[in-house]
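Take a look at the structure below.
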Amino acid sequence: MPVSVIVGASQAGATAAAQLREEGYDGTIVLIGAEPVAPYERPPLSKEFLRGQQPLEAGILRPDGWYAEHDIDLRLGTRAERVDSDERAVILEGGERIRFDQALIATGSRNRRPPIPGIDLENVFSLRTAAEAQAIADAAERGTHAVLVGMGFIGAEVAASLRHLGLDVTVVEFAETPLQRVLGPELGRVLEGLHRDHGVEMHFGTGADHFEGTDRFEALVTTTGRTIEGDFAVVGIGVEPVTEVAEGSAIEIDNGILVDAALRTNVAGIFAVGDVARHDHPVFGPVRVEHYDNALKMGAHVAGSMLGRNEPFTDAHWFWSDQYDADIQMAGFAFTWDEMVIRGNMEERRFAAFLLKDGQLLSTFAMNRPKDVRRSMKLISAKARPAREQLEDPEVDLRTLLPKGSA
0 MPVSVIVGAS QAGATAAAQL REEGYDGTIV LIGAEPVAPY ERPPLSKEFL RGQQPLEAGI
60 LRPDGWYAEH DIDLRLGTRA ERVDSDERAV ILEGGERIRF DQALIATGSR NRRPPIPGID
120 LENVFSLRTA AEAQAIADAA ERGTHAVLVG MGFIGAEVAA SLRHLGLDVT VVEFAETPLQ
180 RVLGPELGRV LEGLHRDHGV EMHFGTGADH FEGTDRFEAL VTTTGRTIEG DFAVVGIGVE
240 PVTEVAEGSA IEIDNGILVD AALRTNVAGI FAVGDVARHD HPVFGPVRVE HYDNALKMGA
300 HVAGSMLGRN EPFTDAHWFW SDQYDADIQM AGFAFTWDEM VIRGNMEERR FAAFLLKDGQ
360 LLSTFAMNRP KDVRRSMKLI SAKARPAREQ LEDPEVDLRT LLPKGSA
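Here the sequence shown stands for residues 0 to 406, numbered as in numbering that gives the first Met the number 0.
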């Protein structure tokens, strides 16, 4: 009987296991997870869970007993040390070897924790796991002032959630606006205005020099010499792919585990999905995407590749972020762009921004115009080159701009 081992009981890994069973795979499935809790959704951790509006149980992907009922060997609290691509085995912490016919690496990513003096003080948090989110929620219940380092999507969502809980929030960000690397300064300033209107104090062009405190966090000293006191700090300055399981093997690694359009590594029978996978996208080229929706869709798609279909993963990628009363969505992936076209009104925070390179639509970012994002996804996948006046005109249905012959 064939054996498929999935390293990482993540959204992507658990979805792949379920899809394999749904499509009739009758071999052995072993799903290995380092966390002690069953696979769960991560997006609520910085939003509903942190605000106390949703228990962790509501985000558990499948109920108790589901894995056993579907003959999936779920190993929680178990860490895989490496994938031996030559011997076709996954070696667990403690030395157990699980031989496989196929393996899927879905180890995700982890928060960057740079060697900033004082970062290991009590009450200096990161946010990636349910345990970390609970620790921040507990600190928020006891404290009144939070200091955040980093204003990417996670930092922005945590800031919004903590303001919702009534805490004072101060943010330091090395860039000149929130999410500048992803959105550019013009769109970043719209997010900055949203957070300032809700009382967040922000300092840009500066980072964390060191954290102060005797045993626990008391203050952050910035690289420009400002001292910001607080009850706790949250560091959110990006993530890095968890690739250690593949190091020393024949599996190629370059800012993630490299996979082709069908999510296959360079080693036959070994696949990778989710945050850890840098996949060859037919529109964007090699790209590593750290979004929930990507993990979900990749997990379902890779099951087909493991069953021999080897169809390209062509999803345009979609992401959402709830901050205060703003509905923020984004589709596509633009490393750079030379044109931005606005539909709607940026000052009123009801607009869609289309990012183009050499006339090709690569990404859409929208605030309180969700339909424009969803309707632009097929244009992105089709490498469409819509006219500026069509994108600007809110009366033009984006679905009508799909090039002839596109699916």
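For glycine and all other residues, C-beta sits at the position ideal for the given N, C-alpha and C.
Exposed or buried, residue i, counting other C-beta atoms within 10 Å across all chains shown (16 or more means buried)?
i    : result
A8   : buried
D337 : exposed
T264 : buried
T222 : exposed
A267 : exposed
P385 : buried
T143 : exposed
A79  : buried
K382 : exposed
R277 : buried
R287 : buried
T313 : exposed
N122 : buried
K370 : exposed
A302 : buried
K403 : exposed
P240 : buried
DSSP three-state call for residue i: helix, strand or coil?
i    : result
F152 : helix
P42  : helix
P62  : coil
D279 : strand
D208 : strand
G7   : coil
R398 : helix
L49  : coil
T169 : strand
E391 : helix
M376 : helix
A342 : Per the sequence shown, the amino acid found at residue 342 is Arg instead of Ala. Three-state result, R342: strand.
S248 : coil
R180 : helix
A37  : coil
A365 : strand
R263 : strand
V413 : The chain is shown only over 0 to 406; residue 413 falls outside these bounds and no answer can be derived.
K403 : coil
K370 : helix
L257 : strand
L164 : coil
R349 : strand
A381 : coil
A15  : helix
A271 : strand
Of the residues the options, which one's Cα is nearest the Cα of residue i?
i    : options                   : result
V148 : L166, L164, A132 and I115 : I115
E40  : L49, M345 and G58         : G58
R349 : K356, P385, F364 and Q359 : F364
D274 : G76, E80, A105 and E228   : A105
L44  : S125, A17 and R87         : S125
L360 : M345, P369, E251 and M339 : M339
A37  : Q101, A129 and D100       : A129
R162 : P369, Y323, L378 and H316 : Y323
R237 : A299, P113 and L190       : Position check: residue 237 holds Gly in this sequence, whereas Arg was assumed. Answer by Cα proximity: P113.
L401 : E394, M376, E388 and S160 : M376
F334 : F312, T313 and D357       : D357
S3   : R342, A260, L306 and A352 : L306
V220 : A207, G229 and D214       : A207
R61  : V258, A15 and T242        : A15
V189 : Q18, A155, E391 and K46   : A155
F270 : H300, N254, D167 and V282 : H300
L164 : Q179, E239 and A145       : A145
G204 : L49, S84 and G224         : G224
L182 : A139, N254, E217 and M329 : M329
P281 : I97, G64 and G331         : G331
S248 : E200, H69, D83 and L73    : D83
R74  : G107, E68, G32 and L49    : G32
M150 : I256, H202, V123 and F283 : H202
V272 : P1, V6 and M0             : V6
D326 : N344, I71, R368 and P1    : R368
Closer than 8 Å, CB to CB, is residue i near chain B or not?
i    : result
I256 : Checking the listed chains, one finds no chain B in this structure; it contains a single protein chain.
For the ligand ATP, I want to know if residue i counts as a neighbour, meaning its beta carbon is within less than 7 Å of at least one of the ligand's heavy atoms.
i    : result
P114 : As far as ligands go, the structure on display features none, and thus does not contain the ligand ATP.
Any beta strand (DSSP E) of 3 or more consecutive residues that is wholly inside the stretch 67-145: For secondary structure counted as the beta strand (DSSP E) over 3 or more consecutive residues, the stretch 67-145 holds these complete runs in sequence order: 71-74, 79-83, 88-91, 96-98, 101-104 and 108-110.
contact_flag[the stretch 44-56, the stretch 16-34] where n(CB pairs < 8 Å) is 3 or more: The count of Cβ pairs closer than 8 Å, one atom from the stretch 44-56 and one from the stretch 16-34, stays below three, leaving the stretches out of contact.
Complete runs of the alpha helix (DSSP H) confined to the stretch 190-246 [at least 4 residues]: none
The stretch 81-91 touching the stretch 171-179, judged by at least three CB pairs closer than 8 Å: The stretch 81-91 vs the stretch 171-179: no contact.
The stretch 226-233 contacting the stretch 174-183, beta-carbon criterion three pairs below 8 Å: no
Every unbroken alpha helix (DSSP H) within the stretch 279-334, with a cutoff of 4 residues, ordered by chain: 291-305
Three or more C-beta pairs below 8 Å linking the stretch 317-331 and the stretch 287-294: Segments in contact, yes.
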